[in-house]
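Engineer:
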Amino acid sequence: MKMEAVFLILIGAALFSQSWHVMGLYSDGRTVGIFVGGLGVLSLAAVIVLDPMLLTGSGDKAISAANHTAEVTATKALIAVWGLYCIGVAAQSLWDLEEQAVGFFSLIVTVVTAVVFLYYAGVLEPRYGETIWLGLSAASLLLTIISAVVFFALGFTFNVMRAVAGWTLLLCGGTVGVIGLAVAVRAIA
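Residue numbers (this note's numbering): 115 to 303.
Laid out in structure tokens, this is it:
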């Protein structure tokens, strides 16, 4: 497996795990902290160690080295910001810190992820075809939705939004993981 598949699987698992804590189904957040933190560290390691699987620069239409570098940089920025998000969630869960910090950091994650989504949605389809374009655009859109909902739920501590955030993390995080599995088995290639 390569960078995109590993990231999508790991972040999907981390968000799925965080959802149970946000919904209040884990009484002790340390378990979530250890699990989500480990997945965040592994995601950051994937950026360093693994090469891109989908964004190879050699799709139906050859692209310039600068365009390929931009694609890979956008993907690595996405992975880095979500890896740091997981580490922040882990720290909050392990040491029972204030949840509002995670909520407000989610705003930064939302902005970065939305920019990457707009880049993927506008650029990838002519270069790599519909399956890669749709897979990466859908995953980044789901991640944008997740981080925006978490921002409103945890940043402003709306009790009603907490349940919405939990279900959004559960369903969208699981879907991101499934997209990662589809990339890993080359259903998206």
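Glycine included, each C-beta is placed from N, C-alpha and C at the ideal position.
1. Out of Val297, Ile260, Val290, which one is the CA nearest neighbour of Phe219?
2. Residue ranges of each alpha helix (DSSP H) run of no fewer than 4 residues wholly in the stretch 211-263, ordered along the chain?
3. Measure from the alpha carbon of Lys190 to the alpha carbon of each residue in Ala279, Glu118, Trp281, then state which is nearest.
4. Taking the alpha-carbon of Gly154 as reference, which of Thr187, Gly147, Gly197 has the nearest alpha-carbon?
5. List the endpoints of the continuous alpha helix (DSSP H) containing Phe149.
6. Any idea if Ala128 is buried or exposed, counting beta-carbon neighbours within 10 angstroms, 16 or more meaning buried?
7. Tell me whether Arg300 is buried or exposed, calling it buried when 16 or more other Cβ atoms sit within 10 Å of its Cβ.
8. Would you kindly report the start and end of the unbroken alpha helix (DSSP H) that includes Tyr140?
9. Out of Val237, Gly280, Tyr242, Ala262, point me to the one whose CA is closest to Leu221's CA.
Structural biologist: Reading from the atomic positions:
1. Ile260
2. 213-242
3. Glu118
4. Gly197
5. 144-163
6. buried
7. exposed
8. Note, Tyr140: premise wrong, no alpha helix (DSSP H); not H, not E.
9. Ala262
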